[in-house]
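Numbering (the working numbering), first residue to last: 541 to 731.
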C-alpha cells in the first residue's frame, strides 16, 4: 500500500494491545521481561511469569526482533483510586518508563475510574479537565512520581454499569486512543 497522510479518511492503523498482569511486588511481571518486550524479544503467546524471567534460548524469546515486534508506545494504566503509596509498583513503573525513554519509545498513562475518584466528575464527566482533585492525583501519582509529563496523561471513565453508549465517555476514550496512535506514528517517523 502507498503511504497515506496522517488523518486521511482512508488511513488504516494496525493497532495491537499487549495487556500484561500488574507490577505487584511478589506476584507481578518482572521489569526485565517488560524491557525485553519493549525491544521486541518476546514472541506472541508468551505468558509473563512472576516466578521467572524470559531468557535467551527460551521458546518465546525472539533473538532477532523486527520493527513490527517492538513496542511503539508504552501505555501505563492506573486507577484514579490508587494512592501513590505503593512504592514498589511505582519504582517498577519508573524503571520501565526509563527503559522506554532510553529506546526512544513514547510513554503515556491512562487514568481510569476518574468518575469514582471525584464527585464533580461523577455528576458531569465534561468537568474532567477542570477537576483539581484529578489534576492533583495525576500530577502527584503519575507525573511527579513516575515521570510521565502531564500532557501525556489521559483521564477516562470506564464503562461499568451503563447499558448504552455515552458520548462523553466515548470522547475521552477515543481522544486517548487518537493521541496514542499519533505518538506511535511520530515514533515510527523518527526511525
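Glycine included, each C-beta is placed from N, C-alpha and C at the ideal position.
Residue burial annotation: residue 647 is buried, with at least 16 other C-beta atoms found within 10 angstroms of its C-beta. With a cutoff of 7 Å on beta-carbon distance, residue 589 and residue 620 are scored as not near each other. Taking residue 701 as the centre and dropping the five residues before and after it, the same chain places no C-beta closer than 6 Å to its C-beta. In this chain, the alpha helix (DSSP H) harbouring residue 641 covers 627 to 642. Contact check for residue 639 and residue 575: beta-carbon distance about 5 Å, within the 8 Å limit, so the pair qualifies. Comparing C-alpha distances from residue 622 to each of 680, 560 and 577 shows the shortest one belongs to 680. Straight across, the Cα-Cα distance linking residue 691 with residue 682 is about 11 Å.
Along the length of the stretch 565 to 636, whole alpha helix (DSSP H) runs at least 4 residues long occupy 571 to 579, reported in chain order. Pairwise C-beta distances place the stretch 660 to 679 out of contact with the stretch 594 to 614, as fewer than three of them are shorter than 8 Å. With distances taken between CA atoms, residue 673 lies nearest to 695 out of 688, 695, 689 and 687. Under a 10 Å Cβ-count criterion, residue 649 is classified as buried, with 16 or more other Cβ atoms of the shown protein chains found around its own Cβ.
For residue 601, the closest C-alpha among the options 687, 577 and 565 is that of 577. For the pair residue 712 and residue 597, the Cα-to-Cα distance works out to about 42 Å. Secondary structure note for residue 645: it is in no beta strand (DSSP E), with a DSSP letter that is neither H nor E.
Pairing residue 720 with residue 613 gives a Cβ-Cβ distance under 7 Å.
At a Cβ-Cβ threshold of 7 Å, residue 563 and residue 632 count as neighbours. Beta-bridge pairing by DSSP links residue 652 to 619.
Shown here for residue 628: same chain residues with a beta carbon closer than 7 Å to its own, the five before and five after excluded, namely 565 in chain order.
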